[in-house]
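Enquirer:
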Amino acid sequence: MARPGHSTAWLPLLVLLFAAGATAQSCLSATFTGGRTFLKCNQLPVLGASLHWTYHAVNGTADIAFRAPSGADGWVGWGINPSGGGMAGSNVFIASQTSGAVSVLTTILRNTTPTLDNTALSFDVPVPASAEYAGGAYTIYATVALPGNTTSQNTVWQAGPVSGGRVSQHSISGPNVQSVQRLDFLSGTSTGGSNSRLHRRNLHGVLNAVGWGILIPLGAMIARYLRVFEAADPAWFYLHITCQISGYVLGVAGWGLGLKLGSESKGLTYTTHRNIGIAIFCLATLQVFALFLRPDKKNKYRVYWNAYHHSVGYSVIVLAAVNIFKGLNILKPVTGWKTSYIVILATLAGVALVLEAITWAIVLRRRKRNQAYGGANGTGVQL
Ligand SMILES: *[C@@H]1O[C@H](CO)[C@@H](O)[C@H](O)[C@H]1NC(C)=O
Ligand SMILES: *[C@@H]1O[C@H](CO)[C@@H](O)[C@H](O)[C@H]1NC(C)=O
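FYI, the numbering for the sequence shown is -24 to -1, 1 to 359, going by mature numbering (1 follows the signal peptide of the UniProt record, and there is no 0).
So, in structure tokens, the structure goes:
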């Protein structure tokens, strides 16, 4: 018998090979003015840019061409960071048409809001940079002495707008913060940089969205809506606590990863996102410890404890939703993600609304019945 799964299994592989071929092709087929040719090239993972170079081992230099698409009213840049992985400390070439013609300047980015004065770089540039603009892309040419005479370097690249005749700030989210990679000019392999960082940013997003954004509200709904059914006591409590503890564990893992990512991104801090994240962690941790201080059901202070527990719990849920949207705006993942989260949130809210109505109907009916029997609030449900 033929194995139907076998032939189709090749399909994704073929598509992948074609895709890989196509990307390699797009950088290999590039041509340059002035009869320039380069031995190696790398299609960079974001911003549609590519780097082309020839490395000379005898004197530790590399002739480079950096090409990136841009409007004529934009700027592009490429550089090496001898001091670390990010933007701060990078030695860069920036091409633009701020002076009316295509020009390129060199500068060292000392912080994230640098003055772009044309200064000498910290490494030698034996052939000064030049640039051209053609076919909707800038190309920067230069020869650099690789710092430290080592072939493996942290490289950065960027593209942004020109406004008021000046190179102005690039976007600080999405692909524009993934444009770093460690490149070996000898072998042509690139490592670390954006891809593994992007992977960890996605993981941070998923852990937090599932933990704080789905499990915690689900647990709150279980507590609020299952409790009215006498048969669900004490099952609701165990379900509630299972949901909240798993949500807390996933959320704290995602939170820790977020702090780590934040500490690695020198010079670029998403202050609000970070502060809200810290607030969520503190409130949720408080909630866990307050569990041990919970007064007995009959205790007269229980009503205060409940009020505290509910207000802190709902605050965590609201802050988490706000922060997940903030995170999505920073990460700018493929469009499906934001929509999925909105759908999940809307579903939870819709279900909560229906259950809220049912709960009130049950509670009111019980109250009526109790009054009819002249009874006390023996079966009363406290919401
Ligand atoms: C480095 O070596 C290459 C190849 O021998 C040569 O073409 C180039 O001019 C040299 N560059 C410098 C700055 O000496
Ligand atoms: C760089 O290293 C190579 C050997 O790896 C050596 O031949 C060359 O002289 C060095 N260049 C400089 C400028 O130190």
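Heads up, the beta-carbon is just placed ideally off N, CA and C, and yes, glycines get one too.
1. Say the cut is 7 Å; is the CB of Asn305 nearer than that to a heavy atom of ligand 1?
2. How should Ile198 be labelled, buried or exposed, when 16 other C-beta atoms within 10 angstroms of its C-beta is the threshold for buried?
3. Using DSSP with H/G/I as helix, E/B as strand and the rest coil, what is Ala211?
4. Leaving out five residues on either side along the sequence, give the residues of the same chain with a beta carbon under 7 Å from the beta carbon of Pro102.
5. Apply the 10 Å Cβ neighbour rule to Leu22 and answer buried if 16 or more other Cβ atoms are within range, or exposed otherwise.
6. Assuming contact is defined by CB atoms lying nearer than 8 Å, are Asn152 and Gly60 in contact in what I supplied?
7. Between His216 and Pro193, what straight-line distance do the alpha-carbon atoms span, to the nearest angstrom?
8. Relative to the alpha-carbon of Ala33, which residue among Ile84, Ile318 and Gly124 has its alpha-carbon at the smallest distance?
9. For the beta strand (DSSP E) containing Val101, list its first residue and its last residue.
10. Please enumerate, following chain order, all residues with a beta carbon closer than 7 Å to at least one heavy atom belonging to ligand 2.
11. Report the rounded CA-to-CA distance for Arg341 versus Gln347, giving the unit in angstroms.
12. Opposite Ile70 in the DSSP bridges: which residues?
13. Do Val52 and Gln134 have their CB atoms nearer than 8 Å?
14. Would you say the beta carbon of Pro102 is closer than 7 Å to some non-hydrogen atom of ligand 1?
15. Residue range of the beta strand (DSSP E) that His146 falls in?
16. Would you decide whether Asp93 is buried or exposed? Buried here means 16 or more other CB atoms lie within 10 Å of its CB.
17. Closer than 6 Å by C-beta to Leu191: which residues in its own chain qualify, once you throw out the five before and the five after it? Chain order, please.
18. Between the C-alpha atoms of Leu269 and Lys276, what's the straight-line distance to the nearest angstrom?
19. Pair every Cβ in the segment 274 to 288 with every Cβ in the segment 323 to 337, then say whether three or more of these pairs are closer than 8 Å.
20. So, helix, strand or coil for Gly60, using DSSP?
21. For Lys308, which residues in the same chain have their Cβ closer than 8 Å to its Cβ, ignoring the five residues on either side in sequence?
22. State the beta-bridge partners of His28 as determined by DSSP.
23. Would you kindly report the start and end of the unbroken beta strand (DSSP E) that includes Thr126?
24. Measure the CB-CB distance between Ala44 and Ala107 and report whether it falls below 8 Å.
25. How far does the alpha helix (DSSP H) with Val294 in it reach, from first residue to last?
26. I'd like to know whether the C-beta atoms of Asn184 and Gly289 end up nearer to each other than 8 Å.
27. Does DSSP classify Ser139 as helix, strand or coil?
28. Indicate the three-state DSSP secondary structure (helix, strand or coil) for Ala(-1) in the structure shown.
29. Tell me the DSSP bridge mates of Thr165?
30. Once DSSP output is grouped into helix, strand and coil, what is the label at Asn346?
31. Would you identify the three-state DSSP class for Arg176, choosing helix, strand or coil?
32. Three-state secondary structure (DSSP) at Ala110?
Expert: Result, derived from the coordinates:
1. By one-based count along the sequence shown, residue 305 stands at place 329. Outside the cutoff, so no.
2. On the sequence shown, residue 198 is found 222 positions in, with the first residue counted as 1. Ile198 should be labelled buried.
3. Residue numbering aside, residue 211 sits at position 235 when the sequence shown is read from its first letter. Helix at Ala211.
4. To locate residue 102, count along the sequence shown from 1; it is residue 126. Listed in chain order, the non-local C-beta contacts of Pro102 below 7 Å within the same chain comprise Thr37, Thr119 and Ala121, local neighbours out to five positions each way being set aside.
5. Stepping through the sequence shown from its first residue, residue 22 is reached at position 46. Looking at the sequence shown, residue 22 is not Leu but Val. Label assigned to Val22: buried.
6. Reading the sequence shown from its first residue, position 176 is the one you call residue 152. Reading the sequence shown from its first residue, position 84 is the one you call residue 60. Asn152 places its beta carbon 8 Å or farther from that of Gly60.
7. Position 240 of the sequence shown, counted from the start, is the residue given in the question as residue 216. Position 217 of the sequence shown, counted from the start, is the residue given in the question as residue 193. So the alpha carbons of these two residues sit roughly 10 Å apart.
8. Counted from its first residue, the sequence shown places residue 33 at position 57. Ranking Ile84, Ile318 and Gly124 by Cα distance to Ala33 puts Gly124 first.
9. Stepping through the sequence shown from its first residue, residue 101 is reached at position 125. Neither: Val101 is in no beta strand (DSSP E) and is coded neither H nor E.
10. Here the list is Ala33, Val34, Asn35, Gly36, Ala121 and Asn125.
11. For the purposes of this step, residue 341 is taken as the residue at position 365 of the sequence shown. For the purposes of this step, residue 347 is taken as the residue at position 371 of the sequence shown. Each residue's Cα considered, the two are about 10 Å apart.
12. Counting from one through the sequence shown, the residue named residue 70 turns up at place 94. Secondary-structure assignment with DSSP links Ile70 through a beta bridge to Gly53 and Leu81.
13. Residue numbering aside, residue 52 sits at position 76 when the sequence shown is read from its first letter. Residue numbering aside, residue 134 sits at position 158 when the sequence shown is read from its first letter. Closer than 8 Å, so yes.
14. Position 126 of the sequence shown, counted from the first residue, corresponds to residue 102. Within 7 Å of the C-beta of Pro102 there is at least one heavy atom belonging to ligand 1.
15. Locating residue 146 in the sequence shown gives position 170, counting from the first residue. Looking at the DSSP string, His146 is not in any beta strand (DSSP E), and its letter there is neither H nor E.
16. Indexing the sequence shown from 1 puts residue 93 at position 117. Exposed is the label assigned to Asp93, since fewer than 16 other Cβ atoms lie within 10 Å of its Cβ.
17. Start at 1 with the first residue of the sequence shown, and residue 191 comes out as number 215. Cβ neighbours of Leu191 beyond the five flanking positions: Cys219, Ser222 and Gly223.
18. Here the question's residue 269 lines up with position 293 in the sequence shown. Here the question's residue 276 lines up with position 300 in the sequence shown. Distance between the alpha carbons of Leu269 and Lys276: 14 Å.
19. No: the two stretches stay apart, fewer than three of their Cβ pairs being nearer than 8 Å.
20. Position 84 of the sequence shown, counted from the start, is the residue given in the question as residue 60. Correct three-state label for Gly60: coil.
21. Within the sequence shown, the letter at position 332 stands for residue 308. Excluding positions up to five away in sequence, the list reads Ser149, Gly150 and Pro151.
22. In the sequence shown, residue 28 corresponds to position 52, counting from 1. Beta-bridge partners assigned by DSSP to His28: Cys17 and Ala41.
23. Taking the first residue of the sequence shown as 1, we reach residue 126 at position 150. Note, Thr126: premise wrong, no beta strand (DSSP E); not H, not E.
24. For the purposes of this step, residue 44 is identified with residue 68 of the sequence shown, where counting begins at 1. For the purposes of this step, residue 107 is identified with residue 131 of the sequence shown, where counting begins at 1. It is not a contact, given that the beta carbons lie outside the stated cut-off.
25. Within the sequence shown, residue 294 is the residue found at index 318, counting from 1. From DSSP, the alpha helix (DSSP H) with Val294 extends over Arg278 to Leu307.
26. Working through the sequence shown from its first residue, we reach residue 184 at position 208. Working through the sequence shown from its first residue, we reach residue 289 at position 313. No, Cβ-Cβ distance for Asn184 and Gly289 is not below 8 Å.
27. As a first step, residue 139 must be located in the sequence shown, where it is residue number 163. In the structure shown, Ser139 adopts extended strand secondary structure according to DSSP, grouped into three states.
28. Here residue -1 is taken as the residue at index 24 of the sequence shown, counted from 1. A caution first: Ala(-1) carries a pLDDT of 45, below 50, which makes its placement in the model too unreliable to give a value.
29. Counted from its first residue, the sequence shown places residue 165 at position 189. In the DSSP output, where bridge partners are listed per residue, Thr165 has none listed.
30. Numbered from 1 along the sequence shown, position 370 holds the residue referred to as residue 346. The answer is helix: DSSP assigns Asn346 an H, G or I state.
31. Position 200 of the sequence shown holds residue 176. Arg176: helix per DSSP, three-state reduction.
32. Mapped onto the sequence shown, residue 110 falls at position 134. Strand, per DSSP.
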